[in-house]
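Heads up: the structure comes next, in structure tokens.
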Amino acid sequence: MNRQQTLMPLPLAAEMIAAGQVLCIAGDEAALRQLPRGQWIGGTIPYFMTGDGGQVSRDQVFVTPVTGFAEPPRLRLRDRAALPGICRDAPESGYSIVIIPAFSDCHVEFAQHAPDYEEMYLKPLVGWIAGVHLDDLAQAKPRVVLGPTGDFADDCAVAMDVPLPPERFAQIDIVNLFHPGHGPAIVFPASGFTVGACSLDDQPGNLAEYLASAGIDTRLPLVADYCGALVNVSIKAVDRASGRVELYAPVFPGLEYRIAAPVDDYVASFHQALPGQTPEIAFSCNCILNYLHSGLHGKQTGDLVGPFTFGEIGYQLPNQTLVYLDRQLGSQQGRRRRPVAQEESMHLDAIGPGSARGLHIGRAADAAYGDKAQIAGADCR
Amino acid sequence: MHDGIGFGTICDLLDLPVAELWKFKHRLENGKAVLAAPPASRNEPLPGLPAADDPLWESLLDGSLGIEMHALGLKLLLTKLREQWAVIGDPEVRALKVQELRRCIDPPRKKPGPRTGPIAPARHLRAERP
Numbered sequence: 238m239n240r241q242q243t244l245m246p247l248p249l250a251a252e253m254i255a256a257g258q259v260l261c262i263a264g265d266e267a268a269l270r271q272l273p274r275g276q277w278i279g280g281t282i283p284y285f286m287t288g289d290g291g292q293v294s295r296d297q298v299f300v301t302p303v304t305g306f307a308e309p310p311r312l313r314l315r316d317r318a319a320l321p322g323i324c325r326d327a328p329e330s331g332y333s334i335v336i337i338p339a340f341s342d343c344h345v346e347f348a349q350h351a352p353d354y355e356e357m358y359l360k361p362l363v364g365w366i367a368g369v370h371l372d373d374l375a376q377a378k379p380r381v382v383l384g385p386t387g388d389f390a391d392d393c394a395v396a397m398d399v400p401l402p403p404e405r406f407a408q409i410d411i412v413n414l415f416h417p418g419h420g421p422a423i424v425f426p427a428s429g430f431t432v433g434a435c436s437l438d439d440q441p442g443n444l445a446e447y448l449a450s451a452g453i454d455t456r457l458p459l460v461a462d463y464c465g466a467l468v469n470v471s472i473k474a475v476d477r478a479s480g481r482v483e484l485y486a487p488v489f490p491g492l493e494y495r496i497a498a499p500v501d502d503y504v505a506s507f508h509q510a511l512p513g514q515t516p517e518i519a520f521s522c523n524c525i526l527n528y529l530h531s532g533l534h535g536k537q538t539g540d541l542v543g544p545f546t547f548g549e550i551g552y553q554l555p556n557q558t559l560v561y562l563d564r565q566l567g568s569q570q571g572r573r574r575r576p577v578a579q580e581e582s583m584h585l586d587a588i589g590p591g592s593a594r595g596l597h598i599g600r601a602a603d604a605a606y607g608d609k610a611q612i613a614g615a616d617c618r
Numbered sequence: 594m595h596d597g598i599g600f601g602t603i604c605d606l607l608d609l610p611v612a613e614l615w616k617f618k619h620r621l622e623n624g625k626a627v628l629a630a631p632p633a634s635r636n637e638p639l640p641g642l643p644a645a646d647d648p649l650w651e652s653l654l655d656g657s658l659g660i661e662m663h664a665l666g667l668k669l670l671l672t673k674l675r676e677q678w679a680v681i682g683d684p685e686v687r688a689l690k691v692q693e694l695r696r697c698i699d700p701p702r703k704k705p706g707p708r709t710g711p712i713a714p715a716r717h718l719r720a721e722r723p
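As you go down the protein sequences, you meet chains C and P in turn. So the first sequence is numbered by this note's numbering: it starts at 238 and just counts up by one. So the second sequence is numbered by this note's numbering: it starts at 594 and just counts up by one.
Structure, rendered in structure tokens:
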């Protein structure tokens, strides 16, 4: 159960900061500016999923305490040039939280290049894209905050590196209620936030034309299958006249996308997609498009609480997805140095004969991994 | 990089800017550059893993051998490596990709630290060629 992360009044958050707690804080900029300096990082957003359901608040902040670390977390701003080193500089054992202002150069840089960052996927990286109240889009800028200095930035990311003790490891997962629909396979020739030309079931086509002519509900994202992980790219705007479609995250060439199948009941589907037992949620966030399209205002999302954001970071940048990080207990003897190995820890330990030989895969993980240790024989693409 | 040495260490040793090395790696991974000679350490065994020249790795990377995974990071990494594999023709760069996959499955345990203990008893499950 997650009882620590919660929406709270400013005085209580200020008390926690003053007590020296390490915190990750989401809130409206005016609220964040009233908080004292201390060991926290923050980002602007006034939308929250709370234990009482989805809420909008400009005068409360959502506080995620960071606990259980082996050494004091390292907090710092990273400009666009320093962003590619974020995983390289992360602790060998632990995780990192990053917050990036929406529409900034850092946002574009991370969205397009994060998969190529050194050590990406080898060290857990979670976080979110800071935003603003939708009524303020024209005049307000999303910002991040470095608590120790009180600096607000709209052109830098803020990051917290959290080293964990040997007996604990962090694991990232996502909740995505969308699945690929039965429409054509869409492949793009290049990476980008704005697309047009594409192939549709191997035939030359244009995405804007296809979406308009087929009457596609553009609340449905494009979905790509990453070896079993379904990753969404949400549609921001369609201009049929120019043949251009704007997206909230870039598509990548070579990947096959499909428009998601319609979801009849967003809330019910959301609850069905939530994980069962999650031992210790250290962080979670959800997409503001899920809040809007799924009608989550006042609706509960179980133990997974946090900000509704302008983008979620689970290693890279999926859209319309809930991202969470849990910390699990594992024996030191079975632990490896790197989180992917900690998560999956496959150990190829026996090779059978012949061309159709089997690949025995053993996990160098202990019983703490529970049913997540299941690896079965199936093609992943 | 074959041996799991990070960008920062390589740049320190060679007095190179990280950005330049990163650009070079990006070109290699997109099939736009090639390497001249294989490092001798490529086939250095990692305990419990097939050798780097075992065709098993190529099968995993070209997608002819599939496995079902549950770790998000490994799913995303294998997808990236498969995309790169499809456009890389240079055998030496392909060898780098094999090494990257091997490292993530069983990372090098050369550096001292608390996580260098023995491999725990493993569950042995089976993944078949599709």
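Each residue gets a CB set at the ideal place from its N, CA and C atoms; glycine is no exception. Small disclaimer: the values here were computed from a predicted structure and weren't measured.
Near residue 623 of chain P, which residues of its chain fall below 7 Å by C-beta distance, leaving aside the five closest residues on each side in sequence?
-> 680
Touching by the beta-carbon criterion (3+ pairs, under 8 Å), the stretch 368-384 of chain C and the stretch 259-274 of chain C = yes
Could you check how far apart the C-beta atoms of residue 526 of chain C and residue 556 of chain C are, in whole angstroms? I think they sit under 8 Å.
-> 7 Å
At 7 Å on the CB atoms, spell out the chain P contacts of residue 466 of chain C, in chain order.
-> 665, 668 and 669
7 Å Cβ cut-off: residues of chain P touching residue 364 of chain C | Ordered by position in chain P, no residue passes the 7 Å Cβ test against residue 364 of chain C, which lies about 14 Å from the chain.
Compare the C-alpha of residue 610 of chain P against each of C/322, C/280 and C/291 and name the closest.
-> That would be C/322, whose Cα lies nearest to the Cα of residue 610 of chain P.
Look at the alpha carbon of residue 343 of chain C and the alpha carbon of residue 391 of chain C, and state the distance between them as a whole number of angstroms.
-> 9 Å
Within 10 angstroms of its Cβ, does residue 580 of chain C collect 16 or more other Cβ (buried), or is it exposed?
-> Here the model assigns residue 580 of chain C a pLDDT of 38, short of 50, so the residue's position is not dependable and the matter cannot be decided.
Could you check the C-alpha separation between residue 285 of chain C and residue 241 of chain C for me, to the nearest Å?
-> 15 Å
With a Cβ-Cβ cutoff of 8 Å, do residue 507 of chain C and residue 561 of chain C count as a contact?
-> no
For residue 300 of chain C, which residues from the same chain have a beta carbon less than 6 Å from its beta carbon, with the 5 sequence-adjacent residues on both sides left out?
-> 245, 250, 260 and 262
Reduced DSSP category for residue 463 of chain C - H, G, I as helix; E, B as strand; rest coil | strand
Taking all protein chains shown into account, do 16 or more other C-beta atoms lie within 10 angstroms of the C-beta of residue 576 of chain C, making it buried, or fewer, making it exposed?
-> At residue 576 of chain C, the pLDDT of 37 sits below 50, so the modelled position is not reliable and the matter cannot be decided from this model.
Beta carbon proximity, residue 661 of chain P to chain C, threshold 8 Å = Yes, because at least one Cβ of chain C sits closer than 8 Å to the Cβ of residue 661 of chain P.
Provide the residue(s) that pair with residue 365 of chain C in DSSP beta bridges, ordered along the chain.
-> DSSP output for residue 365 of chain C lists C/336 and C/549 as bridge partner(s).
May I ask which residues mark the beginning and end of the beta strand (DSSP E) holding residue 244 of chain C?
-> 243-246
Would you list, in sequence order, the uninterrupted alpha helix (DSSP H) runs of no fewer than 4 residues that lie entirely inside the stretch 518-563 of chain C?
-> Listed in chain order, they are 525-530.
DSSP three-state assignment for residue 257 of chain C, whether helix, strand or coil | coil
Uninterrupted beta strand (DSSP E) stretches inside the stretch 431-465 of chain C (no shorter than 3 residues) = 434-437, 440-443 and 459-463
Would you call the CB atoms of residue 274 of chain C and residue 386 of chain C closer than 8 Å?
-> Contact flag set, yes.
Contact belief for residue 362 of chain C with residue 552 of chain C at Cβ below 8 Å, rounded distance in angstroms | 5 Å
For residue 257 of chain C, does the count of other Cβ atoms within 10 angstroms reach 16, so buried, or fall short, so exposed?
-> exposed
Quick one: does residue 679 of chain P have its CB under 8 Å from some CB of chain C?
-> yes
Nearest-angstrom beta carbon gap, residue 490 of chain C and residue 400 of chain C [assumed within contact, 8 Å] = Going by Cβ atoms, the distance from residue 400 of chain C to residue 490 of chain C rounds to 37 Å, so no, they are not a contact pair.
Looking only at its own chain, which residues have a Cβ that is under 6 Å from the Cβ of residue 348 of chain C, when we skip the five neighbours before and after it?
-> 486, 487 and 554
Cβ neighbours of residue 310 of chain C in the same chain (closer than 8 Å, five flanking residues each side left out) | 259, 276, 303, 397, 398, 399 and 400
So residue 496 of chain C is in the beta strand (DSSP E); what residue range does that whole segment cover?
-> 494-496
Bridge-paired residues (DSSP) for residue 277 of chain C = Residue 277 of chain C is bridged by DSSP to C/260.
Anticipated Cβ contact below 8 Å, residue 460 of chain C with residue 434 of chain C, distance rounded | The distance from the Cβ of residue 460 of chain C to that of residue 434 of chain C is about 20 Å, inconsistent with a contact at the 8 Å cut-off.
Return no unless some Cβ of chain P is closer than 8 Å to the Cβ of residue 463 of chain C.
-> yes
According to DSSP, what are the bridge partners of residue 287 of chain C?
-> C/290
What residues match up with residue 397 of chain C in a beta bridge as DSSP calls it?
-> C/312 and C/334
Does DSSP put residue 658 of chain P in a helix, a strand or coil?
-> In the three-state reduction of the DSSP assignment, residue 658 of chain P falls in the coil class, being assigned neither a helical nor a strand state.
Partners in chain C for residue 604 of chain P, counting only beta-carbon separations shorter than 7 Å = Here the premise fails: no neighbours, minimum Cβ distance about 11 Å.
Residues from the stretch 535-558 of chain C in contact with chain P, defined by Cβ distance under 8 Å | Contacts with chain P (Cβ-Cβ distance below 8 Å) from the stretch 535-558 of chain C involve 551, 552 and 553, listed in chain order.
Hey, does residue 690 of chain P have any beta-carbon neighbour from chain C nearer than 8 Å?
-> no
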